[in-house]
Every structure is written in structure tokens, then in C-alpha cells.
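Quick note: the sequence shown uses numbering that gives the first Met the number 0, first residue 0, plus one each step.
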Amino acid sequence: MIRWQPRTGSLYAKPVCATLAILPLLGLLGLSGCTVGPKYAKPTAEVPAAYKESGQWKDAQPSDAIAKGKWWEIYQDAQLNSLEEQIRVSNQNLKAAQAQFEQARAAVRISRSFYYPTISGGATASGTRQSQNKALRGTSSSVVTYADYQIPIDVSYEADLWGRIRRTVESSRAQAQASAADLANVDLSLHSELALDYFELRGLDAQKQLLETSVIAFQKALELTQNRYQGGIASAVDVAQAQTVLETTRSQAIDVGVQRAALQHAIAVLIGQPASKFSLSPLPLATPPPPVPEGLPSELLERRPDIAAAERLVQAANAQIGVARAAYFPLVTLSGTGGFESAAISTLIQGPSGFWSIGPSAIETLFDAGRRRAISDQARAAYNQSVALYRQAILTSFQEVEDNLAALRILQEESQTQTAAVAAAERSLTLSNNRYKGGVSNYLEVITAQNAALSNERTAVDLLTRRMAASVLLIKAIGGGWNVSQIHSV
């Protein structure tokens, strides 16, 4: 309420209040309206009762680390934990996703602002001189120059009788929730990518350690062969073969550095550091992955942020059908204006200078050559597309879980077999060395055994690295420690 006290000392009526008095009426009109368009229901999707590849993994219980979100702590690797913590602080892609989410939240506030009237005010002052020869001016008035001062306040409000604004808010909110889920998915993907690069780098450290150990062993074998050659027991061919194996292994050990450097640089970018200033000390991979509790397939719909984002986009598309449907009904607008106007600034803020007007308007499109129908059809097609993408996201998520459960099971079996192969290759190498020293076999047999032993040991390291990668991918496939309840507050 606006009050003023003129110089005469009497209290005048408040003309602006007549404009402001329409606000309760506007609110009642908005609340009493109906909401056109289909009511949203989450699309159905086929969900299996259990994972085909569950096996022994279903009984695992180290879920506390995953439940609190920092799923990488399940690996109990302090170096990995330290790197993962830096992603949320410095990763630029994550910051970009955060900014995108903030844009979506702002869009919700923009949509909600249409629930309320728009009020604008201003002040104008003008001077005017009329032409004395103006048509129809008349001769009774001698005033040709005058001033005009105004302080207007305008109010405009769209009555949401058909729910167009409510559907727009619903769509914006669902899109913001989808953006929040997208942000969580980017976060999960970045943490997973870091863990994958980290374990692959540690696998390369194990490969390099194995190759350097082999170089030491092959160096001793070369020295033995050279001594035997000098003693007339071995041939120059034996020395050349031993030298070849040694230098080849040295070359392989050096080549590992190329891949390791690339992974180290990738990790630097993930944690937001220049590659030239970042380094990781070697730490060979040695322990197998811990068991991961994958839960039930139905839980996947609540734990995968990409599925949640797809479902939220379905609701946003459903709300847009209502927005398109509301275009078939009249657009009802209430507007009012009030304020003060006077030819003299000294009498501007006085009761007689007040003015106001108020009135509704309704606009209905009578002919648009099918534009509204096309927009409505477009909205329904967009909804059908979002439903299909949502169901496809669910199918893909089940595939990823099954893929990595199968990988963990099969790679574990393969690792057990490979351990036996490594032990057999080492026994074969020992026997070949003994036979060569005893003069029973030539050096070619030793070289064959050396290559077989090294190849089997490198395969064992590669299998361990792949098992760690499958473990990380399984955690990513089940959504890490995220839950869909985290987006409802948007």
C-alpha cells in the first residue's frame, strides 16, 4: 500500500492501490485453472529378476565404501584415493557440467517467475509546444506550450487457466533434474576413467618390473654363455642368441615407457594439472580386485545417473505435450496501470493527479494453417523418442553389468589357469638351463624356454590389469554410490 501526505495536510485516496488490488484475484485465477495435457507416468521397461552372470559376486558385502559415494576406496589404494579427490576440485569438464546444471536450475526459476505478475514502474517528464495553426485546435485556448510529468506503474499477468505455465515449469524442472543426473554421470565417468588409467599405469609398472628382472636374468645368462664360449664349450651362435634375447627384452622394457607416459599425462589432465608438472612414482600392480556387490537389476534404475537423466527427459517431453495442448485455448491476460500525472511537478504527488485503469483480455487463434496441430504432433513424437531412449538406456545398462560380471568371472578362471602356466614355464626354463649347462641341449632350447616364461608372466600381469579394469567398469555400470534421490530437490 502506498500512502502520501500532500502539503494541504489532508489524506487523499490511493489510486495505485486499485491496481495492486487485482493481485489476489490474479492468484485465484491461476489456482482455479485446469492443467491440460497427459498426466505423467514413468514408462514401463522389462527388468530381469536377477543378473545372469551374478554367480559368486552376489554374496560380496564391501558395500559401505560404495554406498557413501567414494567407491574407489574399495581398492584401498592411498595413491588412487588422493588422485580421485582432486577431480572435483580441478577437473575442467566437471566444472563445465556444473555450470550447465546451474543454467538448468536458473531456467526453472525463469519458468516459475511467470506464476506472478510483472510489475514495472518509471518516471517521465516532457515539454510540448503546439502549433498555433494545428487543425481543429480552436481559438478558445491560448496555451501553446505545456509540461507533462508522469509516474506510471504497470501490472501485467497471464492467468494460467489451462496450465501452460505449470507445464512449462514441470518441463523445466524435469530438465534441470536431468541436468543434475548428467552432472552425476560426468562425475562418475571421470572418476572411472581416472581409475582405469591408474590401474593400467600400475599394470605397466608391473610389466616394466618384470622386464627389468628378466633383463638381469638374461644378462647373467649372456655372461654364462660368454664364459662357456671362451672355454670352448659353447659356440658363437649361442652368444649371439643370448645377446639377441637380452637386447630385445631391454627394448621392450623401454617401450613400456611410451604407454606409461601417455597414461600419466591423461591422469594429469583429469585432475586439472599440466602434464609437464605431474608425475607418478612407479607402483607395480600386485593385488587382485576386491569383490563388488552388484545388487539387483531393479536397483539399477535408481543407481544409474544416465538412466535417471533419460527418465527425467521423458517427463519433460510429456509436459511439453501439455504446453502444446494449451495453445488451443484462449490466452487470458489481466493488465492494469496506475500512477500520477500532472502538468506541474509541484502537484504531481497529489490525489487529483492519480489515475488508474484495469481490464482483462482474451486472445484466441482462429486460424493458423495447422501450426498448433503440427506443434502438438511434434511434442508427442519427441515424447515417444524420449521413451525409446529411456528404454534403450536401461537395456544398455543391463548389458554393461552383464559384460563386466562375465569378464570378472572368466578372467578369474583364466588367471588361475595362467598361474599354472607361469609355474610350468618357470620349471621348463630351469630344466632347460640345467640341460644346457650339462651339455645335453643347445642354447636354442634355453631361448625358447626363456621366451615362453616371459610371455606367460606378461600375460599374467595383463590379465590382472584387465580384471582391475573390469572391476572399475562394473562399479561404473551399477552407478557407483549415486542414487536418484539426489536429484529430487532441484
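No residue lacks a Cβ here, since even glycine has one placed at the ideal position from N, Cα and C.
Closest residue to residue 258 among 269, 202, 231 (Cα-Cα distance) = Distance from the Cα of residue 258 is smallest, within the candidate group 269, 202, 231, for 202.
Quick one: grab the DSSP three-state call for residue 151.
-> strand
Straight-line CA distance for residue 439 to residue 396?
-> 59 Å
Of the residues 209, 236, 207, the one placed nearest residue 221, counting alpha carbons only | 236
Local Cβ density within 10 Å of residue 307, reported as buried at 16 or more and exposed below that | buried
Drop a sphere of 10 angstroms on the beta-carbon of residue 366, count the other beta-carbons inside from all chains shown, and report buried for 16 or more, exposed for fewer.
-> Counting the other Cβ atoms within 10 Å of the Cβ of residue 366 gives fewer than 16, which makes it exposed.
Which residues bound the alpha helix (DSSP H) around residue 359?
-> Premise fails: residue 359 lies in the beta strand (DSSP E), 353-362, not in any alpha helix (DSSP H).
From residue 194 to residue 79, what does the alpha carbon distance come to, in whole angstroms?
-> 7 Å
Express the C-alpha separation of residue 427 and residue 229 in angstroms, rounding to a whole number.
-> Cα to Cα, residue 229 sits roughly 27 Å from residue 427.
Using 8 Å as the Cβ pair cut-off and three pairs as the minimum, do the segment 183-197 and the segment 471-480 touch?
-> yes
One or two residues paired with residue 119 in a DSSP bridge | For residue 119, DSSP records a beta bridge to 153.
Do residue 205 and residue 283 have their C-beta atoms within less than 9 Å of each other?
-> yes
By a C-beta neighbour count over all protein chains shown, 10 Å radius and 16 as the cutoff for buried, is residue 407 buried or exposed?
-> buried
Tell me the DSSP bridge mates of residue 111?
-> DSSP output for residue 111 lists no bridge partner at all.
Contact check, residue 41 vs residue 301, beta carbons under 9 Å | no
Since I believe residue 146 is in contact with residue 126 (beta carbons under 8 Å), could you give me their beta-carbon distance rounded to a whole number of angstroms?
-> 5 Å
What are the boundary residues of the beta strand (DSSP E) that residue 256 is part of?
-> Where residue 256 is concerned, there is no enclosing beta strand (DSSP E), although the alpha helix (DSSP H) it sits in stretches over 235-269.
Would you say residue 434 and residue 425 are within 9 Å of each other, going by their C-beta atoms?
-> no
With DSSP as the reference, please indicate the residues paired to residue 124 in a beta bridge.
-> 148
Would residue 218 pass as a contact of residue 245 if the rule is Cβ separation under 9 Å?
-> Contact: yes.
Beta-carbon proximity of residue 192 to residue 269, cut-off 9 Å | yes
Assuming residue 319 and residue 170 make a contact with CB atoms under 8 Å, what is their CB distance in whole Å?
-> 5 Å
Could you tell me if residue 504 is buried or exposed, where buried requires 16 or more neighbouring beta carbons within 10 angstroms of its beta carbon?
-> It is not possible to answer for residue 504, since the shown part of the chain is limited to 0 through 489.
Determine the direct distance from the alpha carbon of residue 461 to that of residue 431, and round the result to whole angstroms.
-> 26 Å
Rounded to a whole number of angstroms, what is the C-alpha to C-alpha distance between residue 380 and residue 115?
-> Taking the straight line from one Cα to the other gives about 31 Å.
Does the beta carbon of residue 183 come closer than 9 Å to any beta carbon on chain C?
-> Given the protein chain composition of this structure (a single chain), no chain C is represented.
Check whether residue 483 and residue 180 have beta carbons under 9 Å apart | Result yes, Cβ atoms of residue 483 and residue 180 sit closer than 9 Å.
Distance between residue 86 and residue 272 (C-alpha atoms, nearest Å) = C-alpha separation (whole angstroms): 10 Å.
Ordered along the chain, which non-local residues of its own chain (more than five positions away) have a Cβ less than 7 Å from that of residue 458?
-> 417
Segment limits, beta strand (DSSP E) that includes residue 334 | 330-341
Could you have a look at residue 376 and say whether DSSP puts it in helix, strand or coil?
-> helix
Locate the alpha helix (DSSP H) running through residue 43, then write down its first and last residues.
-> Segment: none, residue 43 is in no alpha helix (DSSP H) and carries neither H nor E.
What is the DSSP secondary structure of residue 327, counted as helix, strand or coil?
-> coil
With 16 other CB atoms within 10 Å as the buried threshold, where does residue 144 fall?
-> Its Cβ having fewer than 16 others within 10 Å, residue 144 is exposed.
Cβ shell of residue 100 (< 6 Å), same chain only, five flanking positions each side left out | Only 178, 179, 182 meet the Cβ criterion.
Roughly how many angstroms lie between the CA atoms of residue 174 and residue 34, to the nearest whole one?
-> 19 Å
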